[in-house]
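Contents: one structure, followed by commentary.
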Amino acid sequence: MLSFSSAVRIYLAVDPVDMRKSFDGLYAVAAEQLKENPLQGGMFVFSNKRRNRLKILFFDGTGLWVLAKRLEKGGFTWPRTGGAASGKLRLKSEALSMLLGGIDLKEGMAKAWYER
202 MLSFSSAVRI YLAVDPVDMR KSFDGLYAVA AEQLKENPLQ GGMFVFSNKR RNRLKILFFD
262 GTGLWVLAKR LEKGGFTWPR TGGAASGKLR LKSEALSMLL GGIDLKEGMA KAWYER
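Counting in this note's numbering, the sequence shown runs from 202 upward without gaps.
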């Protein structure tokens, strides 16, 4: 299980991406479609149309990382995309961990502050 710092900005691309893309291709998607500069930190999460493959683009200060995961059965459940006119959603590190762990985020919502 991967764990992520709560200080890391995480952007989830709403639209599917061609999973043949690697460093330069994913960098271009982050810069042109998501309007974010990957070299300023942050993680960029991409998935294919079937939602059974996922790639993460991350700059650690010295170079780009590309992490990939392929599910043998089933698929990732993407959160609702309402309000994501920019083509991206901002996620908390906990939400990314749940998404990678197979938790359905479509119907998920944060509890009120007094229930946490």
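Backbone N, C-alpha and C fix where the C-beta goes; we use that ideal spot for every residue, glycine too.
Reference residue i; option with closest CA among the options
{"i": "lysine 236", "options": "Lys289, Glu295 and Asp305", "result": "Lys289"}
{"i": "valine 218", "options": "Leu258, Arg291 and Gly264", "result": "Leu258"}
{"i": "valine 215", "options": "Phe224, Leu240, Phe245 and Gly264", "result": "Phe245"}
{"i": "leucine 265", "options": "Leu227, Phe205, Ile211 and Asp305", "result": "Leu227"}
{"i": "phenylalanine 277", "options": "Leu268, Arg291 and Leu301", "result": "Leu301"}
{"i": "asparagine 249", "options": "Asn238, Ala269, Glu233 and Gly243", "result": "Ala269"}
{"i": "arginine 252", "options": "Ala232, Val230, Gly275 and Glu233", "result": "Gly275"}
Close-in-space but distant-in-sequence residues of the same chain around residue i (CB under 8 Å, 5 per side omitted)
{"i": "arginine 221", "result": "none"}
{"i": "serine 287", "result": "Leu235 and Lys236"}
{"i": "leucine 240", "result": "Phe260"}
{"i": "glycine 243", "result": "Val209, Arg210, Ile211, Tyr212, Glu237, Phe259 and Phe260"}
Per-residue DSSP class, three states only, for residue i
{"i": "serine 287", "result": "coil"}
{"i": "alanine 208", "result": "coil"}
{"i": "leucine 272", "result": "coil"}
{"i": "leucine 306", "result": "coil"}
Neighbourhood of residue i by C-beta distance below 6 Å, restricted to the same chain and skipping five residues each side
{"i": "arginine 271", "result": "Arg254"}
{"i": "serine 207", "result": "Ser294"}
Residues of its chain near residue i, where Cβ-Cβ distance is below 7 Å and the 5 sequence neighbours each way are ignored
{"i": "serine 223", "result": "Val267"}
{"i": "aspartate 305", "result": "Thr278"}
Sequence ranges, beta strand (DSSP E) only - wholly within the segment 211–239, length at least 3: 211–214
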